[in-house]
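What follows is one structure encoded as structure tokens, with my remarks underneath.
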Amino acid sequence: MGDISQTLKEQILQAGKSGQKLNIEGGGTKAFMGRSADTDAGTLKLGEHTGIVEYHPVELIMTARAGTNLAEIEATLAEEGQCLHFEPPRFGEGSTLGGTLACNLSGPARPWSGSVRDQVLGIRLLNGKGEHLRFGGQVMKNVAGYDTSRLQAGAMGTLGAITEISLKVMPKPAMSLTLVEEMSLDDVIHYMNSRAKEPKPITGAAWVDGKVYLRLAGARSAVEATAEKWSGDVTEQGDAFWQQLQHMQHDFFAGDEPLWRFSVGSTAGNPELDGPWLIDWAGSQRWYRGEADIARMETLAQRAGGQVSLFRGGDRTDEVMHHQPRALKELQSRLKKSFDPEGIFNPGRLYSWL
């Protein structure tokens, strides 16, 4: 694998000399995210930079190369009764660990188990100068200066090419079950937040097609006691539902209509938009399907205390992320200049100006 790292480094150095831009590519399953890739740029392929470098089940730590397939990682963890608690979505067989961090993707358990960003302990990164740098490590500790490992979450490769990631892993819960009942959109926001406030083993709260789903997971005694106390019927299809939601395979996500992702205050009223909705994360993540103007969507998101992005479909040549205020634009531009002085990596993929 050292030869692959050297090959990537040489490609970056050559791009810097020639003025060429580079689109970073892993398994290619998230190519639909962000703005359209620069068609004049070359490709920096990380898909072959694979393999689990270290795994210490007792210490709950794994280090893997960025191109390592998520399915391989999860299969290895399952042998030890462990898992990735942030439930990364897989959009295809080629989904990789590096792409998951770069796009900051987490599943239904995110409010209770943390995001991929929260689980990262350290990374290795090739910057725009071709330097192969190491940040963080394999323990949680205070960081002076940039918390570079976590800066990669959602940067979509604009700060460099991630080559290696160390992260926390966790034991699988002893038991899991799902309660489901019919409920209107008007009532479900308050209901989910009320349940989420209780000191119970809840690890999922979602609403779609007029039904609310609550997942309980943990010690058998706690799960069973809570299920007896709370309303709703236990469904045998619970595991299948959460897997479909995690990997965005639910019928709600099918079709070509633009898919909007609202990240808002969990207790905020739902934006006034006619059309299909799916609510996850006990109200903090809300998905909407339909044609809409991004300026209007941003206004609705701000009223709800959050932001919106055009996650999939629609016009990808225009901005697809929520606009940033001037101060944040300047900060992000300075970070970009620090890690990628010549602007080699993923030009315009996150924002047109970055």
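Quick note on numbering: UniProt numbering labels position 213 of the sequence shown as 213, and the sequence is numbered without any gaps.
Beta carbons: idealized from backbone N, C-alpha and C, even for Gly.
With distances taken between CA atoms, residue 42 lies nearest to 15 out of 164, 33, 32, 15. Secondary structure note for residue 280: it is in no alpha helix (DSSP H), and the uninterrupted beta strand (DSSP E) holding it is 277 to 280.
In terms of Cα proximity to residue 72, the closest of 52, 195, 118, 91 is 52. Secondary structure remark: continuous beta strand (DSSP E) runs of at least 3 residues inside the stretch 240 to 295, in chain order: 259 to 263, 277 to 280, 285 to 289.
The stretch 52 to 97 contains, as complete beta strand (DSSP E) runs of 3+ residues, the segments 52 to 56, 61 to 65 (chain order).
Between the C-alpha atoms of residue 126 and residue 69 there is a straight-line separation of about 20 Å. Per the coordinates, the alpha-carbon of residue 345 lies some 16 Å from the alpha-carbon of residue 66. For residue 44 against residue 8, the beta-carbon gap comes to about 6 Å, under 8 Å, which counts as contact.
In terms of Cβ geometry, residue 93 and residue 109 do not form a close pair [threshold 8 Å].
For residue 161, the enclosing beta strand (DSSP E) stretches over residues 161 to 168.
Residue 49 and residue 4 do touch by the CB rule: their CB atoms are close to 5 Å apart, below 8 Å.
Where residue 175 is concerned, the enclosing beta strand (DSSP E) starts and stops at 175 to 182.
Ranking 33, 157, 119, 137 by CA distance to the CA of residue 339 puts 157 first. Looking at the DSSP output, residue 123 sits in a beta bridge with 135, 165.
In the three-state reduction of the DSSP assignment, residue 339 falls in the helix class, which pools H, G and I. DSSP, read as helix, strand or coil, puts residue 302 in helix. In this chain, the beta strand (DSSP E) harbouring residue 207 covers 202 to 208. In chain order, 171, 172 place their CB closer than 7 Å to the CB of residue 81, counting only its own chain and leaving out the 5 sequence neighbours on each side. Of the residues assessed, residue 201 falls on the buried side of the cut-off, its CB having 16 or more other CB atoms within 10 angstroms.
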